[in-house]
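> Taking the working numbering, the leading residue of the sequence shown gets 478, the next gets one more, and so forth. Built from N, CA and C at the ideal position, the CB exists for glycine as well.
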Amino acid sequence: MKACTLVTLEELERRAQSCQRCGLGETRTNLVFGEGDPGADLMFVGEGPGEVEDRTGRPFVGPAGQLLTQILHSVGMDREDVYITNVVKCRPPANRVPTKQEMDACWEWLAAQIALIRPLIIVTLGNAATQRLLGKTEGIGQLRGRFYRWKGGIELFPMFHPSFLLRNPSRKKGSPKYLTWMDIQAVKERLSLLRSRTRDG
Ligand code: URA
Ligand code: URA
Numbered sequence: 478m479k480a481c482t483l484v485t486l487e488e489l490e491r492r493a494q495s496c497q498r499c500g501l502g503e504t505r506t507n508l509v510f511g512e513g514d515p516g517a518d519l520m521f522v523g524e525g526p527g528e529v530e531d532r533t534g535r536p537f538v539g540p541a542g543q544l545l546t547q548i549l550h551s552v553g554m555d556r557e558d559v560y561i562t563n564v565v566k567c568r569p570p571a572n573r574v575p576t577k578q579e580m581d582a583c584w585e586w587l588a589a590q591i592a593l594i595r596p597l598i599i600v601t602l603g604n605a606a607t608q609r610l611l612g613k614t615e616g617i618g619q620l621r622g623r624f625y626r627w628k629g630g631i632e633l634f635p636m637f638h639p640s641f642l643l644r645n646p647s648r649k650k651g652s653p654k655y656l657t658w659m660d661i662q663a664v665k666e667r668l669s670l671l672r673s674r675t676r677d678g
């Protein structure tokens, strides 16, 4: 994607809008490219647009998105402070998990977004995004809550998917929701540390 590092995020989105690289292009209402701060230090990568996202063209604006917003607020962050996107840009019918072929077909868009935004940390949400970016097959329960060295000096931090938390609302110690509220604090702290290192040279 060398050529794409020369374009802006807006131009990349304009190009993506006509994408028909996989079958999801035929069934989408709107392509959901991503939104947020183009200079964000922190980027979230979810699984794929759901019903509300498909209708509005915006990522994480349905019930899972509202929970993601709350998770951000719990550490004093806002959606506008980060960049939010998905591993596939078009809704899989009936919200099924995107196939490997669909994620591969969409990969260039995400890779170009990452190259343009150059975040310090990428948080992957749930199994699909985590396994695709890390190239691992373990489940999110095993992979979450740790920083992995990724490409280009970026650190990757997997967390539970907010949709999973909606199905598992317990906040008891050790529950997925409890762990997620700890995880986002770890992200916030790591971000401060990485930012101070970047500033110091
Ligand atoms: N779930 C996702 O993975 N992404 C969205 O944008 C919305 C719900
Ligand atoms: N499966 C997912 O994709 N994500 C979770 O967070 C849990 C199960």
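Quickly, what does DSSP pair M659 with across the bridge? List them, please.
Partner(s): none; M659 has no beta bridge.
> Rounded to a whole number of angstroms, what is the C-alpha to C-alpha distance between G630 and L671?
Going from the Cα of G630 to the Cα of L671 covers about 11 Å.
> Does M520 come out as helix, strand or coil in the three-state DSSP assignment?
Reduced to three states, the DSSP call for M520 is strand.
> What is the DSSP secondary structure of R626, counted as helix, strand or coil?
Reduced to three states, the DSSP call for R626 is strand.
> If you draw a straight line from the C-alpha of D677 to the C-alpha of P540, how long is it?
C-alpha separation (whole angstroms): 40 Å.
> On the CB-based measure, 16 or more other CB atoms within 10 Å of its CB, does D555 come out buried or exposed?
Looking at its Cβ environment, which holds fewer than 16 other Cβ atoms inside 10 Å, D555 is exposed.
> Nearest CA to the CA of L656: which residue from S673, E512, I617?
The option with the nearest alpha carbon to L656 is I617.
> Please determine, among L643, Q608, E579, L486, the residue with the shortest C-alpha to C-alpha distance to Q619.
It is Q608.
> What's the call for N645, buried or exposed, on a 16-neighbour Cβ count within 10 Å?
With fewer than 16 other Cβ atoms within 10 Å, it is exposed.
> Roughly how many whole angstroms lie between the Cα atoms of C481 and L642?
Any answer about C481 is weak, because its pLDDT of 46 lies below 50 and its placement is not dependable; what the coordinates show is given next. The alpha-carbon atoms of C481 and L642 are separated by roughly 35 Å.
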